[in-house]
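*Asks:*
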Amino acid sequence: MAKTKTNTEDYLRMYRQMVRIRTFEDNANQLYLSAKMPGLTHMYSGEEAVAVGICEALTIDDKITSTHRGHGHCVAKGAEFKEMFCELLGKEEGYCRGKGGSMHIADQSNGNLGANAIVGGSMGIATGSAFTSKLLGKDDVTVCFFGDGATAQGLLYEVMNMAALWNLPVIYACENNGYSEYTKTEEIAAGSITARAEAFGIEAHQVDGQDVLAVNELTQKLVARARKGEGPFFMELMTYRYHGHHVGDINREYYRSKDEETDWKENKDPIIKFRGWLVEQGIASEEEIEAMNAEIKKDAEEAVAYAEAAPYPDQSEVDMHVFTDIEHALARNTA
Amino acid sequence: MREITLSQAVNEALAEEMRRDETVFIIGEDVAEAGTPFKVLSGLVEEFGTARVVDTPIAEPGFMGLGVGAAMTGSRPVVDLMFGDFIYLIMDQLCNQAAKSYYMSGGKLNVPLVLRTNLGATRRSAAQHSQSLHALVAHIPGLKVAMPSSAYEAKGLMKTAIRDDNPVVIFEDKLMYNDKAPVPEEEFLIPFGEANIKREGSDITLIGTSSMVQVCEAAAEILAKEGIEAEVIDPRTIVPLDEAALLESAKKTSRVIVVDEGHQSFGITGEIASRINEKAFYHLDAPVLRMGAMDVPVPFSPALEDITVPTPDAVAENARKLMSGELIHAA
Ligand SMILES: Cc1ncc(C[n+]2csc(CCOP(=O)(O)OP(=O)(O)O)c2C)c(N)n1
Ligand SMILES: [Mg+2]
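The listed protein sequences correspond, in order, to chains D and U.
Numbering of the first sequence is given in numbering that gives the first Met the number 0, commencing with residue 0 and proceeding in unit increments.
Numbering of the second sequence is given in numbering that gives the first Met the number 0, commencing with residue 0 and proceeding in unit increments.
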């Protein structure tokens with residue numbers, strides 16, 4: 000069961016996890032800019048309080064499903080930098096042995112069933128995970144992360160209907176960052192997002208996704224109730240992504256103003272806000288916080304260096320993991 | 000002749016057809032102001048407005064279904080599917096609705112719709128953004144399937160597709176958007192079902208689709224240096240398929256390799272190979288060889304991804320083996 004986050008240690012851990020996400024993303028972005036990372040990636044920076052507020056209310060047995068913008072969820076659920084950077088660079092020691100990359104990063108050891116490159120692609124998976132929990136009489140809860148844009152997918156309404164009919168222990172967590180790709184949410188979402196869940200009789204909450212304590216407090220309550228069979232629940236978390244849709248989306252003034260970005264970064268940053276609160280409450284001093292930041296920065300840099308030097312998977316792995324019971328799927332076929 | 004990119008060619012084809020026919024409209028995700036993530040449609044919304052270049056929510060089955068209904072009732076939609084991999088999401092609307100309507104209605108309700116999407120691996124985009132799924136669609140009676148191999152084909156085939164009264168799926172290779180080719184300034188169309196002989200040769204036939212045409216041409220270059228004259232043929236549409244042209248070349252050279260970026264098993268290469276085996280068997284000196292993408296999901300790691308698709312060297316190597324008889328008795 001998730002314990003109530005009332006002590007210093009838990010607050011500091013939340014701060015640490017948010018800074019770890021931001022630091023991870025800064026390094027990932029750098030890897031892209033220096034052409035060391037294959038492909039593109041979607042930055043979670045700005046949304047840290049959502050993943051951390053939620054995942055800190057979960058135990059290691061609870062599950063999450065993640066999205067294309069999934070590094071934050073992965074870190075928040077307990078993943079290690081080394082395996083994550085290795086995955087981003089397509090290296091053998093990555094969480095998916097380099098087969099998945101950024102958009103499919105996963106960490107089953109901590110209950111992260113994986114990122115998904117299909118928008119809305121994990122909604123059924125999360126609901127199925129909650130179904131298993133109920134079927135097998137376990138008490139784990141599944142949180143399904145998805146974006147505002149993903150609410151346009153019909154799958155969401157099919158699975159919310161079933162989850163509500165069968166009281167499944169699943170929490171649908173909509174990260175509303177105001178945009179889906181290059182389009183504002185209001186141009187692609189009619190009516191109210193929470194009302195859609197309510198139409199199925201699902202209790203829905205809108206919460207400030209930049210306030211880690213507010214997110215955490217709400218999640219703890221909902222998780223506790225979901226464990227008792229009172230689910231499903233729906234959360235709409237109001238947040239903002241700092242970078243472009245992906246790292247290559249640099250010139251974006253045609254759809255989003257610089258002023259708007261600056262306002263969020265300067266006035267609503269989840270890390271700056273929480274840091275101020277920690278100091279004000281006497282939970283940590285400025286020096287302690289700076290030391291923590293520096294330690295995380297060093298960790299990340301070491302992990303990046305490690306990943307850069309790490310080997311690629313051997314080419315013989317290319318036809319492994321196609322099936323569980325056939326080691327090399329093509330062994331019989333290759334001429 | 001002037002040279003333009005494949006992306007510009009598609010853009011021009013759409014603009015020309017939209018000017019010519021006011022029932023043509025484009026619908027899909029981020030097609031208007033953003034002009035798609037690949038910027039292929041840039042400028043179209045400025046000319047034709049948001050009523051004809053329509054941004055949708057991320058609701059593929061929804062806007063595909065809408066396209067089918069619009070096509071049944073007097074419009075000519077060009078449905079834009081951002082990645083070919085998302086075709087799984089719209090399969091019902093495409094295969095149960097669009098493909099069958101004309102037949103099920105006894106020839107009364109046709110669906111003049113174009114589905115524009117893409118294929119192609121090696122962009123480091125992993126398993127859900129790298130697939131080449133044209134074989135899935137080609138399997139369904141009622142759908143035409145075009146596979147442009149350069150800017151020239153991209154323009155001519157798109158214009159034909161829009162004027163076609165049937166549902167047509169066009170797969171563009173995402174890696175070719177910036178590739179330039181000579182494209183005439185004057186209007187032209189490329190008829191469906193007419194293969195293009197890209198290079199003449201007498202020793203072996205290399206049939207390639209889409210991105211693999213370039214691979215076959217590069218292989219032919221390699222082989223030419225060794226005295227092997229390869230003929231390279233681009234079918235341009237796989238439904239309808241210009242069987243006659245493929246058979247004629249097979250009979251002439253007596254050896255054929257079919258190269259395609261879809262998974263090799265149960266795919267386009269197998270279909271073309273077996274048609275040649277059935278109809279040109281007694282003219283062949285070797286079994287027709289298939290070369291498709293490896294039968295694995297596309298891996299992210301560059302170290303793995305690059306070995307999953309046919310390369311010029313691999314095609315040339317197989318061609319040498321066919322020429323020397325080495326592959327004739329392969330298991
Ligand atoms: C089914 C599907 N359609 C389209 C896309 C292309 N795409 C990737 S992310 C994205 C926008 C998602 O927006 P949102 O759900 O709000 O998440 P955000 O990127 O804002 O975190 C789109 C359209 C996709 N990956 N999958
Ligand atoms: Mg969004």
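Built from N, CA and C at the ideal position, the CB exists for glycine as well.
Because the structure is a prediction, the values reported are computed rather than measured.
Roughly how many angstroms lie between the CA atoms of Glu325(U) and Ala285(U), to the nearest whole one?
*Replies:* Against the second sequence, residue 325(U) aligns to sequence position 326. Against the second sequence, residue 285(U) aligns to sequence position 286. Glu325(U) and Ala285(U): Cα-Cα distance of roughly 9 Å.
*Asks:* Considering only C-alpha positions, which residue in the set Thr236(U), Leu142(U), Ala219(U) is nearest to Glu230(U)?
*Replies:* What you label residue 230(U) is simply residue 231 of the second sequence in a count that begins at 1. Minimum Cα distance to Glu230(U) is reached at Ala219(U).
*Asks:* Going along chain D in order, which residues have a C-beta closer than 8 Å to the C-beta of Gly61(U)?
*Replies:* In the second sequence, counting from the first residue as 1, residue 61(U) sits at position 62. The contact set of Gly61(U) on chain D, defined by CB atoms closer than 8 Å, consists of Ala151, Gly153 in chain order.
*Asks:* Under a CB-based cut-off of 8 Å, is Ala218(U) close to chain D?
*Replies:* Translated into positions along the second sequence, residue 218(U) becomes position 219. No, its Cβ sits nowhere closer than 8 Å to a Cβ of chain D.
*Asks:* Please decide whether Leu93(U) counts as near chain D, where near means a Cβ-Cβ distance under 8 Å.
*Replies:* For the purposes of this step, residue 93(U) is taken as residue 94 along the second sequence, with counting starting at 1. Interface annotation, Leu93(U): not in contact with chain D, CB-CB separation never under 8 Å.
*Asks:* Leaving out the 5 sequence neighbours to the left and right, which residues in its chain are closer than 6 Å to Gly247(D) when beta-carbon positions are compared?
*Replies:* Position 248 of the first sequence, counted from the first residue, corresponds to residue 247(D). Within the same chain, Leu39 come within 6 Å of Gly247(D) by CB-CB distance, once the 5 residues on both sides are set aside.
*Asks:* Express the C-alpha separation of Ser210(U) and Arg198(U) in angstroms, rounding to a whole number.
*Replies:* Position 199 of the second sequence holds residue 198(U). Position 211 of the second sequence holds residue 210(U). The straight-line gap from Cα to Cα measures roughly 16 Å.
*Asks:* At 8 Å on the CB atoms, spell out the chain D contacts of Val295(U), in chain order.
*Replies:* Within the second sequence, numbered from 1, the residue matching residue 295(U) stands at position 296. Result: Val317, Asp318, Val321, Ala328, Leu329.
*Asks:* Please name the residues in the region 118-140 of chain U whose beta-carbon is closer than 8 Å to at least one beta-carbon of chain D, in chain order.
*Replies:* Taken in chain order, the members of the region 118-140 of chain U whose beta-carbon sits within less than 8 Å of a beta-carbon on chain D are Arg122, Arg123, Ser124, Ala125, Ala126, Gln127, His128.
*Asks:* Let me check you understand the geometry: is the CB of Ala27(D) closer than 7 Å to at least one non-hydrogen atom of ligand 1?
*Replies:* In the first sequence, residue 27(D) corresponds to position 28, counting from 1. Ala27(D) Cβ: outside cutoff for every heavy atom of ligand 1.
*Asks:* Is the region 3-11 of chain U touching the region 175-191 of chain U, taking contact as three or more C-beta pairs under 8 Å?
*Replies:* yes
*Asks:* Considering just the uninterrupted stretch of the beta strand (DSSP E) at Gly68(U), what are its terminal residues?
*Replies:* The count along the second sequence starts at 1 and reaches residue 68(U) at position 69. Note, Gly68(U): premise wrong, no beta strand (DSSP E); alpha helix (DSSP H) at 59-71.
*Asks:* Grouping DSSP H, G and I as helix and E and B as strand, with all else coil, what is Thr66(D)?
*Replies:* Numbered from 1 along the first sequence, position 67 holds the residue referred to as residue 66(D). In this structure, Thr66(D) counts as coil in the three-state DSSP scheme.
*Asks:* Once DSSP output is grouped into helix, strand and coil, what is the label at Ala334(D)?
*Replies:* Along the first sequence, one-based indexing puts residue 334(D) at 335. Because Ala334(D) carries a pLDDT of 43, less than 50, the predicted location of this residue cannot be relied on, and no value is offered for it.
*Asks:* Considering only heavy atoms of ligand 2 and the C-beta of each residue, which residues fall inside 6 Å, strictly closer?
*Replies:* A residue is listed when its beta-carbon falls short of 6 Å from at least one non-hydrogen atom of ligand 2; in chain order these are Gly146(D), Asp147(D), Gly148(D), Asn176(D), Tyr178(D), Ser179(D).
*Asks:* For Gly77(D), which residues in chain U fall below 8 Å Cβ to Cβ?
*Replies:* Counting from 1 along the first sequence, the entry for residue 77(D) is found at position 78. What Gly77(D) touches in chain U: nothing, since even the nearest Cβ is about 22 Å away.
*Asks:* Could you work out which residue in His72(D), Cys73(D), Leu87(D) is closest to Tyr311(D) when comparing CA atoms only?
*Replies:* Here the question's residue 311(D) lines up with position 312 in the first sequence. The shortest Cα separation from Tyr311(D) among His72(D), Cys73(D), Leu87(D) belongs to Leu87(D).
*Asks:* Based on DSSP bridge pairs, tell me the residues matched to Met146(U).
*Replies:* Position 147 of the second sequence, counting from 1, holds the residue named residue 146(U). Its beta-bridge partners do not exist; DSSP assigns none.
*Asks:* For chain D, find out if any of its Cβ atoms is closer than 8 Å to the Cβ of Leu156(U); answer yes or no.
*Replies:* Walking along the second sequence from the start, residue 156(U) turns up at place 157. With 8 Å as the cut-off, Leu156(U) does not count as an interface residue toward chain D.
*Asks:* Strictly under 8 Å for the Cβ-Cβ distance: is Ser300(U) near chain D by that measure?
*Replies:* Here the question's residue 300(U) lines up with position 301 in the second sequence. Output row for Ser300(U): interface = yes.
*Asks:* I want to see whether chain U comes within less than 8 Å of Glu186(D), judged by CB atoms only; does it?
*Replies:* Mapped onto the first sequence, residue 186(D) falls at position 187. Interface residue, yes.
*Asks:* Which first and last residues belong to the beta strand (DSSP E) in which Ala172(D) is found?
*Replies:* By 1-based counting over the first sequence, the position of residue 172(D) is 173. 169-175 is the extent of the beta strand (DSSP E) around Ala172(D).
*Asks:* Given 8 Å as the limit, is there contact between the region 133-140 of chain U and the region 185-196 of chain U, that is, 3 or more CB pairs closer than that?
*Replies:* no
*Asks:* What residue range does the alpha helix (DSSP H) around Thr7(D) cover?
*Replies:* Taking the first sequence and counting its residues from 1, the one referred to as residue 7(D) is at position 8. Residues 7-32.
*Asks:* From which residue to which residue does the beta strand (DSSP E) around Asn195(U) run?
*Replies:* Counting from one through the second sequence, the residue named residue 195(U) turns up at place 196. It spans 195-198 - the beta strand (DSSP E) in which Asn195(U) sits, taken as one unbroken run.
*Asks:* Using DSSP with H/G/I as helix, E/B as strand and the rest coil, what is Asn111(D)?
*Replies:* Looking up residue 111(D) in the first sequence gives position 112. Three-state DSSP puts Asn111(D) in a strand.
*Asks:* Measure the alpha-carbon distance for Glu174(D) versus Arg19(D) and round it to whole angstroms.
*Replies:* Taking the first sequence and counting its residues from 1, the one referred to as residue 174(D) is at position 175. Taking the first sequence and counting its residues from 1, the one referred to as residue 19(D) is at position 20. Each residue's alpha carbon lies about 19 Å from the other.
*Asks:* Just the Cα atoms here: how many angstroms apart are Ala97(U) and Thr236(U)?
*Replies:* Reading the second sequence from its first residue, position 98 is the one you call residue 97(U). Reading the second sequence from its first residue, position 237 is the one you call residue 236(U). Going by the C-alpha atoms only, they are around 19 Å apart.
*Asks:* Alpha carbon to alpha carbon, how far is Val52(U) from Arg18(U)? Give it in angstroms, no decimals.
*Replies:* Looking up residue 18(U) in the second sequence gives position 19. Looking up residue 52(U) in the second sequence gives position 53. Going from the Cα of Arg18(U) to the Cα of Val52(U) covers about 13 Å.
*Asks:* Quick check on Ile249(D): buried or exposed, where buried means 16 or more other Cβ atoms within 10 Å of its Cβ?
*Replies:* As a first step, residue 249(D) is located in the first sequence; it is residue number 250 there, counting from the start. Counting Cβ neighbours within 10 Å, Ile249(D) comes out exposed, since fewer than 16 surround it.
*Asks:* Can you tell me whether Phe85(U) sits near ligand 1, meaning its C-beta is under 7 Å from at least one heavy atom of the ligand?
*Replies:* Translated into positions along the second sequence, residue 85(U) becomes position 86. Inclusion of Phe85(U) in the 7 Å shell around ligand 1 follows from its C-beta lying nearer than that to a non-hydrogen atom of the ligand.
*Asks:* Compute every distance between the C-beta of Leu88(U) and the non-hydrogen atoms of ligand 1, then say whether any falls below 7 Å.
*Replies:* What you label residue 88(U) is simply residue 89 of the second sequence in a count that begins at 1. Correct: Leu88(U) has its Cβ closer than 7 Å to ligand 1.
*Asks:* Taking a cut of 8 Å between CB atoms, which residues from the region 159-187 of chain D lie near chain U?
*Replies:* Ser179, Glu180, Tyr181, Thr182, Glu186, Ile187
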